[in-house]
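First comes the structure, then the notes that go with it.
2 protein chains.
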Amino acid sequence: MKANHIYDYVERLGELLRVDSRQAGTKHGLQPVQIEVLHYLAICNRYSDTPMAVTEYLGLTKGTVSQTLKVLEKKELLTKQLDDTDKRISHIKLSTKGKNLLNKVVPTTMFVTACEVLSDEKQSDIASSLKQLLTTLLHANDLKTFGVCSSCRYNSETEGGGYFCKLVEQPLSVDDVQLICREHESKV
Amino acid sequence: MKANHIYDYVERLGELLRVDSRQAGTKHGLQPVQIEVLHYLAICNRYSDTPMAVTEYLGLTKGTVSQTLKVLEKKELLTKQLDDTDKRISHIKLSTKGKNLLNKVVPTTMFVTACEVLSDEKQSDIASSLKQLLTTLLHANDLKTFGVCSSCRYNSETEGGGYFCKLVEQPLSVDDVQLICREHESKV
DNA sequence: TCTTTTTTGTATCGACTCGATACCTTTTAA
DNA sequence: TTAAAAGGTATCGAGTCGATACAAAAAAGA
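So the sequence lines, in the order shown, correspond to chains X and E.
Sequential numbering from 1 applies to the first sequence in this note's numbering.
Sequential numbering from 189 applies to the second sequence in this note's numbering.
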């Protein structure tokens, strides 16, 4: 029964990252949660760039997310565009300014510094353990996985070397399948 | 260069823990940071139960911590006692109420549920990787380690099977050396 | 087709966090 | 003996976050 140990480590690592992220963000007037929103938007696909998707990913309420997005829009770090077919939905895109800023603060120097003293093999081991813990945590608690398309059961490979999503019934590019999706469901 | 991957996983795990911790705490009117403070006080030794030590551990400012402690004291989850020799310092102890509450919310059910589906061996692997990452992160960035006395270079074993800290020049019990200390320095 | 329900999103309010600054007391250094 | 450093509190403003209320569009039902 190592649940306590694992919890302790994740809590501590999370604290350190949060403190570091706060410090990194302060230079640019950003809060930790704002960095997380920008980070999400940088790695999600075009079906998952909506306020509701951000809400599900971060586990906050839609009101909270709406406020945060409003602030980030005012800072010109992102733009909103109404969906072509569904007028309720808006799509959020990082602006160039937003992308540049994000690259400056993620990952924080703390993590880069630590990884420099670890061998590539060790880093892979750690990444693998983290991935396994995360996956287990999500599945055991019936949480949305937000995985990349290439690991999704709705995704299939076409003859031409491209990809196709059977859920939204749209073709996907090589770049597309490396982004995370709110509809993601792991292959069985 | 896996720094980005590792950062992503830790960020996501931290988010999940924070959301879960918020939910667990809400039932008892506690904020995530308040749970972290209680958690720290439950595992630190008698030389590290001061407001300044909490400040260092959580990476916040002393003003912020002072406020949080004031709230927790009003909730009767902890008590403050002035130090015998140094009148500037106060020692914070969890009350019985505080200990009981903490046991209800840490670790959260999310982690317990996840660990139930993992073998003991897998859990050990993951815990080991997390520990290695944490240790590397702390050392590579010259951060305070807050380790347990048993892994500290100031700690020595006495003939009678007890322990002795060469820094504070005081004997330590078997229970003592399993607590974390703000003066901790890893053995070389 | 018309009505009801659901989904997506915004607005506002209050409790709380957090850093910054100022301030006090006690201890330590000069 | 005086100055500096350390531990701690008080207060303020910007911002998070949940809760509630609300609006508009889409989906479901009759």
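Quick reminder that beta carbons are idealized off the backbone N, C-alpha and C, glycines included.
| query | result |
| --- | --- |
| CB contact check: Glu-203 (chain E) to chain X, cutoff 8 Å | yes |
| Beta bridge counterpart(s) of Arg-163 (chain X) as assigned by DSSP | For clarity, residue 163 (chain X) is Tyr in the given sequence; the question names Arg instead. Paired residue(s): X:Glu-157, X:Leu-172. |
| Per-residue burial, Gly-217 (chain E) [other beta carbons within 10 Å of its own, 16 or more giving buried] | exposed |
| Beta-carbon proximity list for Ser-90 (chain X), same chain, < 6 Å, skipping 5 on both sides | Lys-80, Leu-82 |
| Length of the line joining the Cα atoms of Leu-17 (chain X) and Tyr-351 (chain E) | 34 Å |
| Beta-carbon spacing of Gln-34 (chain X), Thr-68 (chain X) below 8 Å | yes |
| Contacts of Lys-319 (chain E) in chain X (Cβ-Cβ under 7 Å) | Tyr-9 |
| Neighbouring residues, chain E, relative to Ile-6 (chain X) (Cβ below 7 Å) | Phe-299, Cys-303, Gln-311, Ile-314, Ala-315, Leu-318 |
| Gln-358 (chain E) versus Val-365 (chain E): straight-line alpha-carbon distance, rounded | 12 Å |
| Delimiting residues of the beta strand (DSSP E) encompassing Thr-136 (chain X) | Counting along the chain, Thr-136 (chain X) falls outside any beta strand (DSSP E), though it belongs to the alpha helix (DSSP H) covering 120-140. |
| Spatially closest choice to Leu-190 (chain E) from X:Pro-107, X:Glu-159, X:Val-148, X:Lys-187, by CA coordinates | Inspection of the sequence shows that residue 190 (chain E) is occupied by Lys rather than by Leu. Among X:Pro-107, X:Glu-159, X:Val-148, X:Lys-187, the Cα nearest to that of Lys-190 (chain E) is on X:Pro-107. |
| Straight-line Cα distance separating Leu-38 (chain X) from Lys-104 (chain X) | 12 Å |
| Amino acids of chain E, ordered along the chain, whose beta-carbon sits closer than 7 Å to that of Leu-118 (chain X) | Thr-324 |
| His-28 (chain X) (DSSP reduced to helix, strand or coil) | coil |
| Burial state of Thr-96 (chain X) (16 or more Cβ within 10 Å) | exposed |
| Run of the alpha helix (DSSP H) containing Leu-69 (chain X), from where it starts to where it stops | 62-74 |
| Where Lys-80 (chain X) sits in the DSSP three-state scheme | strand |
| Alpha helix (DSSP H) segment containing Leu-94 (chain X), residue limits | Where Leu-94 (chain X) is concerned, there is no enclosing alpha helix (DSSP H), although the beta strand (DSSP E) it sits in stretches over 90-94. |
| Interface residues of chain X facing Ala-422 (chain E) [CB-CB closer than 9 Å] | With chain E covering 189 to 376 only, the question about residue 422 (chain E) has no answer from this structure. |
| Range of the contiguous alpha helix (DSSP H) that encloses Leu-143 (chain X) | No alpha helix (DSSP H) contains Leu-143 (chain X), which DSSP labels as neither H nor E. |
| Within chain E, the residues that Pro-107 (chain X) reaches when beta carbons sit closer than 7 Å | Ala-191, Asn-192, Tyr-195 |
| Tyr-195 (chain E) versus Ser-48 (chain X) - alpha carbon distance | 21 Å |
| Contact set between Val-253 (chain E) and chain X, taken where Cβ atoms lie within less than 8 Å | Going along chain X, no residue has its Cβ under 8 Å from Val-253 (chain E), so there is no contact; the nearest lies around 13 Å. |
| Reference Gly-213 (chain E), options E:Glu-371, E:Lys-250, E:Asn-288, E:Ser-317, closest by Cα | E:Asn-288 |
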